[in-house]
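Under my numbering, read the sequence shown as residues 501 to 664, first letter to last.
Using N, Cα and C, we set each Cβ at its ideal position, and we do this for glycine too.
Notes for the one structure printed next.
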Amino acid sequence: MRIQFKKGDAKPSTLTCIREDSTITWTTLRNNFESHDLAHYAVETVLGFDRAFYGLLSQGFNIQDFELPRGQRPEALIPANLPEQSLQTEHLVNLLLTPGISERNDFDLIGTLRQILEADGLGFPHALNPISLEKIYNTYDDLTLRWQALAAGGILELSFNTGA
């Protein structure tokens, strides 16, 4: 799947996903939400996840499905029905983007994530360790720099492969 982040100027930026079958899902990005979606990309690609946000989009779900109130979402996207990878990713992305944590001080992100996942009855991602976490940070930093360097109207295009 091709993922395109188009930088807006007078209009909001957009996120477009072009699946292998050429179908498309897209949305406008408000309130700098590209940071969240770039963090998802870093987490999902580094950890090899294919059942989180981008994996579900590649399987045919639409971005708007995730934006609906819980009661209006497709049955598979109601939080209780989401794949474990999807929930693990969301918790990890939220921690990565929390002010103070993102500066990578002495905060124990892995330990904190482990506690959060355990409290929610979720397993810990086997591929997450200090080395893969550093790779996630580096990937996210690179994507952020590439995004910031884009002029209005520019496109940051990424590839997401699920191995399917």
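| Query | Result |
| --- | --- |
| Hey, how far is the Cα of V543 from the Cα of G555? | 12 Å |
| Give the DSSP-derived three-state secondary structure of R614 in the structure shown. | helix |
| Roughly how many angstroms lie between the CA atoms of L645 and A539, to the nearest whole one? | 13 Å |
| What residue range is occupied by the uninterrupted alpha helix (DSSP H) comprising Q504? | No alpha helix (DSSP H) contains Q504, which is instead part of the beta strand (DSSP E) from 502–506. |
| Let's test the definition: count the other Cβ atoms within 10 Å of the Cβ of I631 and tell me whether it reaches 16, buried, or not, exposed. | exposed |
| Tell me whether L633 sits in a helix, a strand or coil according to DSSP, three-state version. | helix |
| Would Q615 be called buried (16 or more neighbouring beta carbons within 10 Å of its own) or exposed? | exposed |
| Taking only three categories from DSSP, how would you classify S513? | strand |
| Compute the beta-carbon to beta-carbon distance between L748 and E584, rounded to the nearest angstrom, for a pair I have assumed lies under 8 Å. | Residue 748 falls outside the range modelled here, since the chain spans only 501 to 664, and no answer is possible. |
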